[in-house]
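Enquirer: Here the protein sequences come in this chain order: A and B.
In case it helps, our numbering puts the first sequence at residues 2 to 527.
In case it helps, our numbering puts the second sequence at residues 3 to 188.
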Amino acid sequence: MGGLEYILAGVMEALFGNPAIVLGPIVLSWPILLVALGFFIGVLIGATPGLSGPFAMALALPILISIFGFTPDALLPVFGFLVGVMKGATVGGAVPAILFNTPGTPDAFMTTLDGYPMAKNGQGGKALRVAHFASVSGDTFSDIVLFVCAPFLAISIEAFLGLPEKSALMILSLSFVAVVVGNDTFKGILAACFGLLVASIATGTDSYPRLSMGSDVLASGLPTIAVVIGVLVVGEIFVSFEDMWRSAREKQKAPPKIAPGDTSLSMGERRKLLPFIGVSMSIGTVIGALPGIGTTLAAALGYTAGRKMHKGEVDFGKGAPEGIAATEAANSAVSGANLIPALSLGIPGNVAAVFIILAADTIGGFNPGPSVFRFSADEVNPELVVAFALFTLMVAANLLNWTTGAWFMRLLGGLIHVPKQILLPIVLLLTLTSVYVQGSNMSDVYVLLFFGALGYLMRSTDIPILPFVIAYILAGPLETTIRSAFEATGSDPWFLFRSPISVIFLILATAIICGAGWLRGGPRLK
Amino acid sequence: MDHPGKLRETVLGLVAICSALVALVVWIPADIDTGIVDVWRRTIRIGDAMLPSFAAAGMLLAGLVMLVRAIVLVPNGLHRVISPVFLVTSCLVMALGLTLMQASGPFIVWLWFSGEISYRQLLDTAPWKYIGFVIGGSFMIFCFTALTSHRFSWRFVFLALVSTVLIALIYDLPFDNLLLPPNGDI
């Protein structure tokens, strides 16, 4: 099969491969249906303060796997839903930031700076339109970069890197994530190493499941979904519970609800926003392509760049549409680019990518990494078809976003105002139930709660969560690659130092770890 | 320990060091059959102890730096305050909620049928299959809502009950193969 045929096969697989509704010549496939469902749920979740995309992904993943099973046919519907949520939550976060001065997602904080003043001036609807236009532009651009770069990067890696170099690249990526996420280099390293240790339990090549302490529960391996959702979601819920418990005595006035007001955004106004969107989406895409660096930094950099460019009547921070455009374009451009390391290297760069890799690992039949983009002419590479089908689903989600996103955002402005005190306990029970129904085993719920407690303690002591999760997911591929490299080099103990490329990767990893403390300033001497 | 956060950073460093040492000295040697490298049919290969040993060594190194830093330097940044009252209350709510979820169904069935029919026989029959989930789930939702709002309200009880019943129906009605907790374990 040629490259074009692979692309066509992927598009056909996404659009017609798994039909849900057939009405004569019109076919609506399960993946497309779930993209739409995921998108609308994502906007709703993103627009609800206290919830975020990962909550919806965590709740839905076990249920979707239970519904669609562990067959290759399940991959695209599950991916479709996750992609829909990822895109919907990104755009939805701007709604409460603009109308209620409350960011729906952490990266929408910068949107409040200009969005809320605009809403107070009777321009809430216009601000929502600006946010949507910038967000969807940034997202689309970032996806195009992903479609071009991920195959190119993967092919280059397959062509130029051997097993030792790939091992060194994984070590470099893990070091980078450990160091850049969070505020403390050594806490990041601690989290990553702890993730590797936990991932070692009941795995390995020996017949005895290592580190299982003779326990039957541990011997069958820790349920990956329960571990990841526990640390990421349950830990966050308990931190929110404690914050609400502490602040409940302080009477907090609900922010006044503001009518959307002027909702027009002319072509001329859109043209004026384009330079700000262009700069910010480029910044967001570059930031997103680096694993571990989140949307918050992209939004801050995009906003700063926009402020330097701005020469309009209204200053940034006082209701300038350009401020919203700069922020939203930057944070939305992160989501697509974040999948570049995930798909081409198998290294998840953010939480959404973690869930996509988790889904792929659990269902099987698709192993994100360089081998996905092997354009084999003699025999069909099914993983490449899935990759192009995934790209098709992302395009479908973007089309949905362009056509219905703005309308849905305005609609939600009047709906979302459920207090977190009521919402989060319900989400906790939903999470417990989702994890339980996948394996019908209470031990999964206990594992979930144990890692939820761990996530709570890590957040309370400022230990970053993402290095733990990424190391936990990356441990298996890393160990397998190192074992294979060691055996392929004839058991050479210096296999990581024989090639200049792997030496460069290792030097970079060391430099990042050593340099990070200095760059951050570090703690003060007494 | 005159700086807020200094004690916590010291304890954190010590916990990291102790955990790493326990893993390196006790857990890994006792619970992994192969070493860091392993000879199998005259071929030297990487053993199962390699990954956990490197991970524990990394933890040890990070813990040592954190401990030394906590002693020598003034910690930066603000720390969240962990409330022991909140922690104990939350643990109690979770433990009671899960106990109610697991025990209330079999207990009510035993009481209703005077022990003649077991809960296991009614696992697929409404309303019995929902009892444990609804009681335990409503209890958890109500307690956490009341705890985080610092007040008791009958509205919370109603909301907890309705939302738990809705969750039960969402999972149970459309999907024949999904079992609500704790029905898969009974």
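Even glycine gets a Cβ: it sits at the ideal position worked out from N, Cα and C.
#1: Keeping to the same chain, check which residues put their C-beta closer than 8 Å to that of proline 108 of chain B; ignore five residues upstream and five downstream.
#2: Taking the beta carbon of arginine 10 of chain B as the centre, do at least 16 other beta carbons fall within 10 Å, making it buried, or is it exposed?
#3: If the cut is a Cβ gap below 9 Å, which residues of chain B does glutamate 237 of chain A touch?
#4: Which complete alpha helix (DSSP H) runs does the region 33-99 of chain B hold, if anything under 4 residues is left out?
#5: How big is the Cα-Cα spacing for valine 76 of chain B and valine 41 of chain B?
#6: Three or more C-beta pairs closer than 8 Å, one from the region 169-186 of chain A and one from the region 23-41 of chain B: is that the case here?
#7: Pick from A:Ala120, A:Gly81 and A:Asn402: whose alpha carbon is nearest that of serine 30 of chain A?
#8: Classify alanine 193 of chain A as buried or exposed, calling it buried when 16 or more other Cβ atoms lie within 10 Å of its own Cβ.
#9: Nearest to lysine 312 of chain A by alpha carbon, out of A:Gly347, A:Leu274 and A:Ala343?
#10: Tell me, please, whether the CB atom of phenylalanine 195 of chain A is closer than 8 Å to any CB atom in chain B?
#11: Would DSSP call serine 120 of chain B helix, strand or coil?
#12: State buried or exposed for methionine 103 of chain B, treating a residue as buried only when at least 16 other CB atoms are found within 10 Å of its CB.
#13: Identify the residues that DSSP records as bridge partners of proline 1 of chain A: which are they?
#14: Quick check on phenylalanine 487 of chain A - is its C-beta less than 8 Å from some C-beta in chain B?
#15: At what residues does the beta strand (DSSP E) containing proline 20 of chain A begin and finish?
#16: In chain order, what are the residue ranges of uninterrupted alpha helix (DSSP H) at least 4 long that sit wholly in the region 77-141 of chain A?
#17: Within 8 Å of any Cβ in chain A, is that where the Cβ of tryptophan 130 of chain B sits?
#18: Rounded to whole angstroms, what is the Cα-Cα separation between leucine 9 of chain A and alanine 390 of chain A?
#19: Strictly by DSSP, which residues pair up with serine 30 of chain A?
#20: Under three-state DSSP, which class holds lysine 312 of chain A?
#21: Counting only C-beta atoms, is glutamate 166 of chain A closer than 8 Å to chain B at any point?
#22: How about alanine 290 of chain A and alanine 338 of chain A: do their beta carbons lie closer than 8 Å?
#23: Whose Cβ in chain B lies nearer than 7 Å to the Cβ of methionine 245 of chain A?
#24: Starting from proline 1 of chain A, find everything on chain B with Cβ-Cβ shorter than 7 Å and list it in chain order.
#25: Mark asparagine 179 of chain B as exposed unless 16 or more other C-beta atoms lie within 10 angstroms of its C-beta, in which case mark it buried.
#26: My guess is that methionine 2 of chain A and threonine 328 of chain A are in contact by the Cβ rule of under 8 Å, so how many angstroms apart are they, rounded?
#27: Keeping to the same chain, check which residues put their C-beta closer than 8 Å to that of glycine 440 of chain A; ignore five residues upstream and five downstream.
#28: Whose CA, out of A:Asp493, A:Trp495, A:Leu475 and A:Ile466, lies closest to the CA of leucine 191 of chain A?
#29: Is it buried or exposed, methionine 268 of chain A, if we count other Cβ atoms within 10 angstroms and call 16 or more buried?
#30: Go to valine 551 of chain A, then tell me how far its alpha helix (DSSP H) extends in each direction, as first and last residue.
#31: Does the beta-carbon distance from alanine 397 of chain A to valine 36 of chain A come in below 8 Å?
#32: Does the beta carbon of alanine 105 of chain B sit closer than 8 Å to a beta carbon anywhere in chain A?
#33: Can you list, in chain order, the residues of its chain whose CB lies under 6 Å from that of tyrosine 304 of chain A, leaving out five sequence neighbours each side?
#34: Taking the alpha helix (DSSP H) that tryptophan 156 of chain B falls in, what are its first and last residues?
#35: Using DSSP with H/G/I as helix, E/B as strand and the rest coil, what is tyrosine 209 of chain A?
#36: When the Cα atoms are used, what is the spatial distance from tyrosine 447 of chain A to leucine 182 of chain B?
Expert: Considering the structure as presented:
#1: Position 106 of the second sequence holds residue 108 of chain B. Closer than 8 Å at Cβ, skipping near neighbours: Ser120, Tyr121, Gly134 and Ile188.
#2: Looking up residue 10 of chain B in the second sequence gives position 8. The residue in question, arginine 10 of chain B, is buried, as its Cβ has 16 or more Cβ neighbours within 10 Å.
#3: Walking along the first sequence from the start, residue 237 of chain A turns up at place 236. Within chain B, no residue has its CB atom less than 9 Å from the CB of glutamate 237 of chain A, the nearest being about 12 Å off.
#4: List check, alpha helix (DSSP H) in window: 52-74.
#5: Reading the second sequence from its first residue, position 74 is the one you call residue 76 of chain B. Reading the second sequence from its first residue, position 39 is the one you call residue 41 of chain B. Approximately 49 Å, taken between the alpha carbons.
#6: As far as the Cβ criterion goes, the region 169-186 of chain A does not touch the region 23-41 of chain B, which means the pair count is below three.
#7: Sequence index remark: in the first sequence, residue 30 of chain A carries index 29 (1-based). Here the closest residue by C-alpha is A:Gly81.
#8: Sequence index remark: in the first sequence, residue 193 of chain A carries index 192 (1-based). Alanine 193 of chain A is buried by the Cβ-count criterion.
#9: As a working note, residue 312 of chain A is residue 311 in the first sequence. Of the listed residues, the one whose Cα sits closest to lysine 312 of chain A is A:Leu274.
#10: Position 194 of the first sequence, counting from 1, holds the residue named residue 195 of chain A. Judged by the 8 Å Cβ criterion, phenylalanine 195 of chain A is in contact with chain B.
#11: Counting from one through the second sequence, the residue named residue 120 of chain B turns up at place 118. Serine 120 of chain B: coil per DSSP, three-state reduction.
#12: Numbered from its first residue, the second sequence carries residue 103 of chain B at position 101. Label assigned to methionine 103 of chain B: buried.
#13: Since the first residue of chain A shown is 2 and the last is 527, residue 1 of chain A is not available in this structure.
#14: Counting from 1 along the first sequence, the entry for residue 487 of chain A is found at position 486. Yes, phenylalanine 487 of chain A counts as interfacial toward chain B.
#15: Indexing the first sequence from 1 puts residue 20 of chain A at position 19. Looking at the DSSP string, the run of the beta strand (DSSP E) that includes proline 20 of chain A is 20-24.
#16: The region 77-141 of chain A contains these whole alpha helix (DSSP H) runs: 95-100 and 110-119.
#17: Locating residue 130 of chain B in the second sequence gives position 128, counting from the first residue. No, because no Cβ of chain A sits closer than 8 Å to the Cβ of tryptophan 130 of chain B.
#18: Here residue 9 of chain A refers to the residue found at position 8 of the first sequence. Here residue 390 of chain A refers to the residue found at position 389 of the first sequence. The alpha-carbon atoms of leucine 9 of chain A and alanine 390 of chain A are separated by roughly 9 Å.
#19: Against the first sequence, residue 30 of chain A aligns to sequence position 29. Answer by DSSP bridge pairing, in chain order: A:Pro20.
#20: Sequence index remark: in the first sequence, residue 312 of chain A carries index 311 (1-based). Looking at lysine 312 of chain A - three-state DSSP - the assignment turns out to be coil, as it is neither helix nor strand.
#21: Taking the first residue of the first sequence as 1, we reach residue 166 of chain A at position 165. No, because no Cβ of chain B sits closer than 8 Å to the Cβ of glutamate 166 of chain A.
#22: Sequence index remark: in the first sequence, residue 290 of chain A carries index 289 (1-based). Sequence index remark: in the first sequence, residue 338 of chain A carries index 337 (1-based). Result yes, Cβ atoms of alanine 290 of chain A and alanine 338 of chain A sit closer than 8 Å.
#23: On the first sequence, position 244 is the one that residue 245 of chain A refers to. Correct list: Thr150.
#24: Residue 1 of chain A lies beyond the range of chain A shown here (2 to 527); nothing can be said about it.
#25: Along the second sequence, read from residue 1 onward, the residue named residue 179 of chain B stands at position 177. Exposed.
#26: Within the first sequence, numbered from 1, the residue matching residue 2 of chain A stands at position 1. Within the first sequence, numbered from 1, the residue matching residue 328 of chain A stands at position 327. With 8 Å as the limit, methionine 2 of chain A and threonine 328 of chain A do not qualify as a contact, their Cβ atoms being about 43 Å apart.
#27: To locate residue 440 of chain A, count along the first sequence from 1; it is residue 439. Excluding positions up to five away in sequence, the list reads Pro224.
#28: Sequence index remark: in the first sequence, residue 191 of chain A carries index 190 (1-based). Closest in C-alpha terms to leucine 191 of chain A, from the list A:Asp493, A:Trp495, A:Leu475 and A:Ile466, comes A:Ile466.
#29: Counting from one through the first sequence, the residue named residue 268 of chain A turns up at place 267. Only exposed fits methionine 268 of chain A, as fewer than 16 other CB atoms lie within 10 angstroms of its CB.
#30: The structure shown does not extend to residue 551 of chain A, since chain A spans only 2 to 527, so no value can be given for it.
#31: Locating residue 397 of chain A in the first sequence gives position 396, where the first residue counts as 1. Locating residue 36 of chain A in the first sequence gives position 35, where the first residue counts as 1. Yes, the pair counts as a contact, with Cβ atoms nearer than the cut-off.
#32: As a working mapping, residue 105 of chain B is identified with position 103 in the second sequence. Taking a beta-carbon distance threshold of 8 Å, alanine 105 of chain B does not count as an interface residue toward chain A.
#33: Taking the first sequence and counting its residues from 1, one reaches residue 304 of chain A at position 303. The beta carbon of tyrosine 304 of chain A sits closer than 6 Å to those of Met111, Ala327 and Thr328, all from its chain and outside the five residues before and after it, given in chain order.
#34: Translated into the one-based positions of the second sequence, residue 156 of chain B becomes position 154. Where tryptophan 156 of chain B is concerned, the enclosing alpha helix (DSSP H) stretches over 156-174.
#35: The count along the first sequence starts at 1 and reaches residue 209 of chain A at position 208. Under the three-state reduction of DSSP, tyrosine 209 of chain A is assigned to coil, being neither helix nor strand.
#36: In the first sequence, residue 447 of chain A corresponds to position 446, counting from 1. In the second sequence, residue 182 of chain B corresponds to position 180, counting from 1. If you take the alpha carbons of tyrosine 447 of chain A and leucine 182 of chain B, they lie about 15 Å apart.
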